[in-house]
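Student: Protein chains in written order, with the working numbering: chain C, 19 to 426; chain X, 731 to 970; chain R, 16 to 311.
A virtual CB, placed ideally from N, CA and C, is assigned to each residue, including glycine.
Values in this document were obtained by computation on a predicted structure and should not be read as measured data.
Have a look at the structure that comes next, please.
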Amino acid sequence: MSMRATLAFATLRRNPARTVLAVLGIAVAAALLLDMVMLATGMRESFRSLLLTRGYQLRVSPKGTLPFDSEATIDGATAIVTALRANPDIRAVSPGLGATLALPGTRFPSVFSLGLESDVQGDYVLEGGRDLPPPSDTTASAAAPLPAVVNRAFLLRSGLQLGDTLTVASGVDAQLRTTARARVVVLTGEGRFFYVPAETPVMALPLRDLRTLLGSAYRDRMSVAMAESRRGDSASVEAVRRWIAQTQPRVTAISTETAIRQVEERLSYFRQLAFVLGAISLGIGFLLVATLVTLSVNERRGEIAVLRAIGTQKGGVLRQVFLEGFMLSGTGIAGGLLLGLVTARWLNGILRDFPGLPAAFDFFLWSPEAAWKSLLLLLVSGTLAGLLPAWRAASIPIVRSLREDAVG
Amino acid sequence: MTHSTPAGSRGEVVIRCEQVQRSYRMGDALVQAVRGIDLEIARGEFAAITGPSGCGKSTLLHLLGAIDAPSSGRVLVNGRDTAQLGDTEATDFRLRHIGFVFQRFYLMPTLSAQENVELPLAEAGMDRRARRARAAELLGYVGLGDRRDHRPTQLSGGEQQRVAIARALANRPALVLADEPTGELDAATGERLLELFGQLHRDGTTLVFVTHDTVVANRAQRVIRLLDGRVSSDTRHGSA
Amino acid sequence: MTRRLLWTCTLVLAGGTALTATATSARAQGDTILSPSYGRRAPSVRGIAVDARMAEDFGLRPGSVVRLSGKPGIPGDSVAVAAVFERKADPAEVARREYRIRAHLDHLQQLLELDDRVDRFAVGVPDSVPIDSAVARINHVAFGFRAHQSAEVAVQSSRTFRVVERFHRAIGLITVVASAVFLLCLLLLSVEERRRDIAALRLMGISQATVVRAIVIEAALVSVIGSVIGAGIGWVASLIVNAHFQQVYRTPLLFALLTPEIFAFATLTSLVLGITAGAVAAWRLVRTPPLTLLGR
């Protein structure tokens, strides 16, 4: 270690209680800053990765709504999907229909159901068992149980296992306690659904079969369609979005970026809170280091005067005090990094309790670039906080300080 | 000799003061601490500056050491007018040509004896190995070879002052200035310190120290007495 | 005013549909412009109420005529805006940008082809009737629906708000801990800075207890004054926050509120911390011999 570092380290060790408290204060400030940066960037990045999980960059929903924002559905779904698939710039289209089906005779009265085409669906990944048959598979008889893929929450709450059958129904009349249509379903697979809250039981059925189950009104309906641009770059995606908007007036097409922007708008409160708290953390860290270094310099006026007297340049004193500020900030930030990750996990757990939040969504997401930038900012500001006291230290009048020290 | 003075012959003038004056403000009053002093100190000389409290002896010492600049007149150390030096040059001058010993030792309490002596060596750019060796050598010279790793709080007053002397000798200065070096020490310890000064002088160091104690002053080769900022007497009496 | 406690009967909804309000400004084609009084019906044009946000965005006001249909692509009915209403400050809805309208029940049923169906209806009981017994009696004869107390429903539907509340509490806890550390650190520093003064007092003969008491009182005063100033800053900040987010989200909801309880908590916390920090710092210094404090 250089002499300057030795002296700086020794100075900080001189008053361990004070140094520990200051480091703790900086650590808390760093943790808070890191958390706020993770919050500000996490929502956006988490949502973006959620939307792009299966590569679909566009969502098509009823006019004026976001996907599954309301119970509205799109009529004439087949024509729309056919038109989209006919576009050479579109690689794949996945239509989906959401509905609530009753479960007579089970532990819970209803389940959220998704009607999907298994060969193009982007809503779940199969984690066990067998997937739904593709739409082209028409070998199953009309009386055979419908295959269904469910999530873990469904299995836990129902107490059923893969291979079990149950009856699902629609058109429930609560007063007459009758259902209009019912069908036996066999649980063939377990899936992890991206856009459904983890605690919400969900069942995926072949789209064609769900429409039949819901009745004639839903014969040609869908809640949403996901589309994938062939080229994938943002310009191409935007071009496809514009084409859809022009050719399909009854729907709204939203790109991933637009969806992110709209969700960010809704969650702007958290981003702004993050910004404000982050700024306050930065300010507090700065103040703490500035105060500590200033007081430390004031206590050591005599020592500093002696350093100057025996031949230490002003720049040397400046660097010395700077180094103390840097060491203090650096140690605090290292601790703050660990503390910040722990508190982020805790806070994320709280916010993940939001009703209706997709299972794969996180509020606090580690983004190395953002995190290192923010911590570097705190390190720089903490070090700069020592600038004024360092300058004052370097400018200490030697004779007066020696005299004051002798008198004092 | 491990701390030999820079090349130059005994008798050559190291310090010359020409009509040096220094005044400063204390509140509303203008204090004239030094009033027109003419003085020469030769290489290898051992001089004491004495006088009653407030006579300007510490102020004069600070002027000789380029810590302070005269209000008028010239202070030439090794031929250089210290008043003409900017802050950076004066600091560098002190580092390489002047060694200071203070009444209150002024060691860095958080550093060991070895590290305290290394401070000016590090500032002068000496590499770690060389400065460690030099610091060890100097501490051995002042009789503290086995106390190198002790902090100042673990050393007695006399030992601390010895460390301060070793620090002052680090960069082989042309001149060692001491401000009341025995002021914080008991008589016996002070006596041992004066013996060390004597040894330094015999080894060729140019020494100027300030003291209010006439008995201590008489241990020097030359006694310059100040009164009200002026030299009232300047007596030489044989080698120490 | 009689105390009315509302409770809600919930029907199982046989398929909900979204209501599409097509707000196209139509020329008055012989339609009668309604008076602003909500509820009166002109012979040929039904009235609806629109929320203030929608009225502002589309330039609607009482008397404006719009078309209303239950399905997209269908012409629907001409209706007149009979009133503009302000939506209630519901935290669960604050981030949603949807518009709301209110229509006569029979009109909406007709548009949605729902015959005689409703989602729910609210029931008010006289003060003399206990709510629990009313709920029990209705559920006893209920056929296809269930009665709930409004308070229960409010609890269920306020989950979003409760999550936000928990999050705020967590952030509040972190900031209180951070503030505590800062306060301790700064008070310790400021007391230690006066080590020589303390040494001088001790050398003069002032007892340890007196010195500690003086420092603690000073720390307490600083804490209280700091709290009051901080509360003032917090109050101003809350005004700015509310003004900003009410404008962003177009809601009367209050986002930040400084209550007497919060002020008391903040003041008490900083007082306790300040006294603790002052006492600890002072005690550390008075235990040190005065000459050591002076550096001898």
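Looking at the structure shown, is Arg302 of chain R part of a helix, part of a strand, or coil, going by DSSP?
Tutor: The residue given as residue 302 of chain R occupies position 287 in the third sequence. Of the three classes helix, strand and coil, the one that applies to Arg302 of chain R here is helix, per DSSP.
Student: Contact criterion: CB-CB distance below 8 angstroms. Does Thr175 of chain R meet it with respect to chain C?
Tutor: Mapped onto the third sequence, residue 175 of chain R falls at position 160. Yes, its Cβ sits closer than 8 angstroms to a Cβ of chain C.
Student: For Ala411 of chain C and Val324 of chain C, what's the separation of their Cα atoms in angstroms?
Tutor: Stepping through the first sequence from its first residue, residue 411 of chain C is reached at position 393. Stepping through the first sequence from its first residue, residue 324 of chain C is reached at position 306. When rounded, the distance between both Cα atoms is 12 angstroms.
Student: Just the chain C side, please: which residues come within less than 7 angstroms of Ile189 of chain R by C-beta, in chain order?
Tutor: By one-based count along the third sequence, residue 189 of chain R stands at place 174. Leu50, Thr361, listed in chain order.
Student: Can you pull the DSSP bridge partners for Met756 of chain X?
Tutor: If you number the second sequence from 1, residue 756 of chain X lands on position 26. Looking at the DSSP assignment, Met756 of chain X forms a beta bridge with X:Ala759.
Student: Among X:Arg902, X:Gly920, X:Arg949, X:Glu921, which has the Cα closest to the Cα of Asp933 of chain X?
Tutor: Position 203 of the second sequence, counted from the first residue, corresponds to residue 933 of chain X. Of the listed residues, the one whose Cα sits closest to Asp933 of chain X is X:Arg902.
Student: Under a Cβ-count criterion, where at least 16 other Cβ atoms within 10 Å of its own Cβ denotes burial, should Gln929 of chain X be classed as buried or exposed?
Tutor: For the purposes of this step, residue 929 of chain X is identified with residue 199 of the second sequence, where counting begins at 1. Under this definition Gln929 of chain X is an exposed residue.
Student: Report the option in R:Ser285, R:Phe73, R:Leu123 whose CA atom is closest to the CA atom of Asp131 of chain R.
Tutor: Locating residue 131 of chain R in the third sequence gives position 116, counting from the first residue. The residue with the shortest Cα to Cα distance from Asp131 of chain R is R:Leu123.
Student: Which residues of the segment 837-854 of chain X have a Cβ closer than 8 angstroms to any Cβ of chain C? Give them in chain order.
Tutor: Against chain C - using a Cβ distance shorter than 8 angstroms - the residues of the segment 837-854 of chain X are Met838, Pro839, Thr840, Leu841, Glu845, Glu848, Leu849, Pro850, Ala852, Glu853, Ala854.
Student: Run through DSSP, which three-state label would Leu51 of chain C get?
Tutor: Sequence index remark: in the first sequence, residue 51 of chain C carries index 33 (1-based). Reduced to three states, the DSSP call for Leu51 of chain C is helix.
Student: Got a sec, what are the start and stop residues for the beta strand (DSSP E) Asp92 of chain R sits in?
Tutor: For the purposes of this step, residue 92 of chain R is taken as the residue at position 77 of the third sequence. Here the beta strand (DSSP E) through Asp92 of chain R covers 92-100.
Student: Would you tell me roughly how many angstroms separate the C-alpha atoms of Glu89 of chain C and Leu355 of chain C, rounded to the nearest one?
Tutor: What you label residue 89 of chain C is simply residue 71 of the first sequence in a count that begins at 1. What you label residue 355 of chain C is simply residue 337 of the first sequence in a count that begins at 1. Spanning the two alpha carbons is a distance of roughly 44 angstroms.
Student: Once DSSP output is grouped into helix, strand and coil, what is the label at Asp909 of chain X?
Tutor: Numbered from 1 along the second sequence, position 179 holds the residue referred to as residue 909 of chain X. Looking at Asp909 of chain X - three-state DSSP - the assignment turns out to be strand.
Student: Based on DSSP bridge pairs, tell me the residues matched to Thr118 of chain C.
Tutor: As a first step, residue 118 of chain C must be located in the first sequence, where it is residue number 100. Per DSSP, C:Phe130.
Student: Are the segment 231-251 of chain C and the segment 74-93 of chain C touching by the rule of at least three beta carbon pairs closer than 8 angstroms?
Tutor: As far as the Cβ criterion goes, the segment 231-251 of chain C touches the segment 74-93 of chain C, which means the pair count is three or higher.
Student: Please confirm whether Val186 of chain C and Ala200 of chain C have their CB atoms less than 8 angstroms apart.
Tutor: Looking up residue 186 of chain C in the first sequence gives position 168. Looking up residue 200 of chain C in the first sequence gives position 182. In contact: Val186 of chain C and Ala200 of chain C (Cβ atoms closer than 8 angstroms).
Student: Can you find a CB in chain C that lies within less than 8 angstroms of the CB of Gly88 of chain R?
Tutor: The residue given as residue 88 of chain R occupies position 73 in the third sequence. Taking Cβ atoms only, chain C reaches closer than 8 angstroms to Gly88 of chain R, which makes this a yes.
Student: For Ala860 of chain X, count the other beta carbons within 10 Å of its own beta carbon; 16 or more makes it buried, fewer makes it exposed. Which is it?
Tutor: For the purposes of this step, residue 860 of chain X is taken as residue 130 along the second sequence, with counting starting at 1. So Ala860 of chain X counts as exposed.
Student: Is any beta-carbon of chain R found at less than 8 angstroms from that of Arg36 of chain C?
Tutor: Stepping through the first sequence from its first residue, residue 36 of chain C is reached at position 18. Yes, Arg36 of chain C lies at the interface with chain R (some Cβ there is under 8 angstroms from its Cβ).
Student: Roughly how many angstroms separate the alpha carbons of Val335 of chain C and Gly855 of chain X, rounded to a whole number?
Tutor: As a first step, residue 335 of chain C must be located in the first sequence, where it is residue number 317. As a first step, residue 855 of chain X must be located in the second sequence, where it is residue number 125. Going by the C-alpha atoms only, they are around 15 angstroms apart.
Student: So, using beta-carbon positions, are Leu306 of chain C and Ala40 of chain C closer together than 8 angstroms?
Tutor: What you label residue 306 of chain C is simply residue 288 of the first sequence in a count that begins at 1. What you label residue 40 of chain C is simply residue 22 of the first sequence in a count that begins at 1. Contact: yes.
Student: Which value, in whole angstroms, describes the spacing of the CA atoms of Ala38 of chain R and Ala246 of chain R?
Tutor: Along the third sequence, read from residue 1 onward, the residue named residue 38 of chain R stands at position 23. Along the third sequence, read from residue 1 onward, the residue named residue 246 of chain R stands at position 231. With a pLDDT of 30 at Ala38 of chain R, under the threshold of 50, the modelled position of that residue is not reliable, and no figure is offered here.
Student: Could you tell me the boundaries of the alpha helix (DSSP H) in which Glu853 of chain X lies?
Tutor: Stepping through the second sequence from its first residue, residue 853 of chain X is reached at position 123. Element bounds for Glu853 of chain X: 843-853.
Student: Kindly give me the distance between the Cβ atoms of Ala243 of chain C and Gly114 of chain C, rounded to whole angstroms, as I take these residues to be in contact under 8 angstroms.
Tutor: Start at 1 with the first residue of the first sequence, and residue 243 of chain C comes out as number 225. Start at 1 with the first residue of the first sequence, and residue 114 of chain C comes out as number 96. At roughly 7 angstroms, the Cβ-Cβ gap stays under 8 angstroms, so Ala243 of chain C and Gly114 of chain C are in contact.
Student: Taking 8 angstroms as the CB-CB limit, is Gly497 of chain C close to chain X?
Tutor: Chain C is shown only over 19 to 426; residue 497 of chain C falls outside these bounds and no answer can be derived.
Student: Would you report the Cα separation of Glu775 of chain X and Phe344 of chain C, rounded to the nearest angstrom?
Tutor: Within the second sequence, numbered from 1, the residue matching residue 775 of chain X stands at position 45. Within the first sequence, numbered from 1, the residue matching residue 344 of chain C stands at position 326. Each residue's alpha carbon lies about 46 angstroms from the other.
Student: What three-state label does DSSP hand Phe27 of chain C in the structure shown?
Tutor: Position 9 of the first sequence, counted from the start, is the residue given in the question as residue 27 of chain C. Helix.
Student: Using a Cβ-Cβ cut-off of 8 angstroms, state whether Leu68 of chain C counts as contacting chain R.
Tutor: For this step, residue 68 of chain C is matched to residue 50 along the first sequence. No, no contact with chain R.
Student: Output the distance between the C-alpha atoms of Ala813 of chain X and Gly795 of chain X, rounded to the nearest integer angstrom.
Tutor: Reading the second sequence from its first residue, position 83 is the one you call residue 813 of chain X. Reading the second sequence from its first residue, position 65 is the one you call residue 795 of chain X. Using only the alpha carbons, I get a separation of about 11 angstroms.
Student: Jot down the residue ranges of each uninterrupted alpha helix (DSSP H) in the segment 222-290 of chain C, minimum 4 residues, whole runs only, in chain order.
Tutor: Segments of the alpha helix (DSSP H) lying fully in the segment 222-290 of chain C: 225-232, 252-265, 274-284.
Student: When you compare only the Cα positions, how much space is there between Arg302 of chain R and Gly766 of chain X?
Tutor: Numbered from 1 along the third sequence, position 287 holds the residue referred to as residue 302 of chain R. Numbered from 1 along the second sequence, position 36 holds the residue referred to as residue 766 of chain X. Approximately 50 angstroms between the Cα atoms of the pair.
Student: Provide the residue span of the beta strand (DSSP E) that contains Thr941 of chain X, from first to last.
Tutor: Position 211 of the second sequence, counted from the first residue, corresponds to residue 941 of chain X. Element bounds for Thr941 of chain X: 937-941.
Student: Just to confirm the assignment, what range does the alpha helix (DSSP H) spanning Phe344 of chain C have?
Tutor: Looking up residue 344 of chain C in the first sequence gives position 326. Here the alpha helix (DSSP H) through Phe344 of chain C covers 332-369.
Student: Contact criterion: CB-CB distance below 8 angstroms. Does Ile797 of chain X meet it with respect to chain C?
Tutor: Against the second sequence, residue 797 of chain X aligns to sequence position 67. True, the Cβ-Cβ gap to chain C drops below 8 angstroms.
Student: Against chain C, which members of the segment 914-925 of chain X pass a CB distance test of less than 9 angstroms?
Tutor: For the segment 914-925 of chain X, which is checked against every Cβ of chain C, not one residue is closer than 9 angstroms.
Student: Would you say Val301 of chain R reaches chain C, if we count a Cβ-Cβ gap shorter than 8 angstroms as a contact?
Tutor: Reading the third sequence from its first residue, position 286 is the one you call residue 301 of chain R. Not closer than 8 angstroms to any Cβ of chain C, the Cβ of Val301 of chain R fails to qualify, so no.
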